[in-house]
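First the structure, in the form of structure tokens, and then the observations on it.
In this note's numbering, the protein residues as written are 55 to 240.
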């Protein structure tokens with residue numbers, strides 16, 4: 055066990071160092087690469103993995119932006135309503151929705167680390183979108199915002215990196231939208 059912890063620590067130090075050095079070396083890093091690096095570093099620096107909290111935080115962050123969109127498909131866009139719609143009425147809050155998602159066909163073979171990392175990527179994506187431009191959410195329709203998240207290369211690479219780093223299956227899934235929030239609303 056000590057060997058595993060020691061090896062994991064060494065790998066983590068090398069990975070962080072190489073990402074940091076690459077960032078310092080190239081000041082013209084494109085936004086997608088920067089997003090991916092920041093998300094993965096955030097994931098790796100977490101003291102422990104809290105998959106349900108990561109999932110819940112991603113839903114909360116997405117809700118902030120999506121309820122500002124011009125055509126959110128729900129009359130009452132709150133946690134209870136969104137959770138009920140996404141779960142076919144079986145849950146009424148994001149924590150229960152995330153517990154249900156974790157054991158779903160899509161995620162049941164993934165590690166807690168991959169699950170948490172996936173939702174940390176999405177949390178970062180939605181938080182960045184909401185904070186980078188106050189009108190980015192309100193000037194778009196729900197469908198536009200959803201399609202943009204599905205097509206965002208930075209978000210896709212971040213999620214794929216989560217699966218690759220944790221050894222979870224489907225690291226290069228062409229159906230990356232299966233791992234995204236709100237996939238059942240589209």
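Cβ atoms here follow ideal geometry from the backbone N, Cα and C, with glycine treated the same way.
Per the coordinates, the alpha-carbon of residue 201 lies some 23 Å from the alpha-carbon of residue 92. The alpha-carbon separation between residue 205 and residue 124 amounts to approximately 20 Å. Rounded to whole angstroms, the separation of the alpha carbons of residue 130 and residue 139 is 11 Å.
DSSP places residue 124 outside both helix and strand once states are collapsed to three, so it counts as coil. Sequence-distant Cβ neighbours of residue 149 in its own chain, meaning closer than 8 Å and more than five residues away, are 106 and 110. Contact between residue 175 and residue 152 does not hold, since their C-beta atoms are separated by about 15 Å, which reaches or exceeds 8 Å. When 170, 210 and 189 are compared, the shortest CA-CA separation from residue 121 is found for 189. Scanning its chain for C-beta atoms nearer than 6 Å, with the 5 sequence neighbours on each side dropped, one finds around residue 116 the residues 180 and 235, in chain order. Secondary structure of residue 169 (DSSP, three-state): helix. Sequence-distant Cβ neighbours of residue 173 in its own chain, meaning closer than 6 Å and more than five residues away, are 108, 109 and 112. Annotation: residue 165 to residue 104 spans about 11 Å, alpha carbon to alpha carbon.
With a beta-carbon spacing of about 5 Å, residue 118 and residue 184 fall inside the 8 Å limit used to define contacts. Note on geometry: alpha-carbon atoms of residue 195 and residue 128 lie some 13 Å from one another. Boundaries cannot be given for residue 234, as no alpha helix (DSSP H) includes it and DSSP labels it neither H nor E. Annotation for residue 156: 105, 106, 109, 162 and 169 place their beta carbon closer than 8 Å to its own, counting only its chain and skipping 5 residues before and after. When DSSP states are grouped into helix, strand and coil, residue 154 belongs to the helix group.
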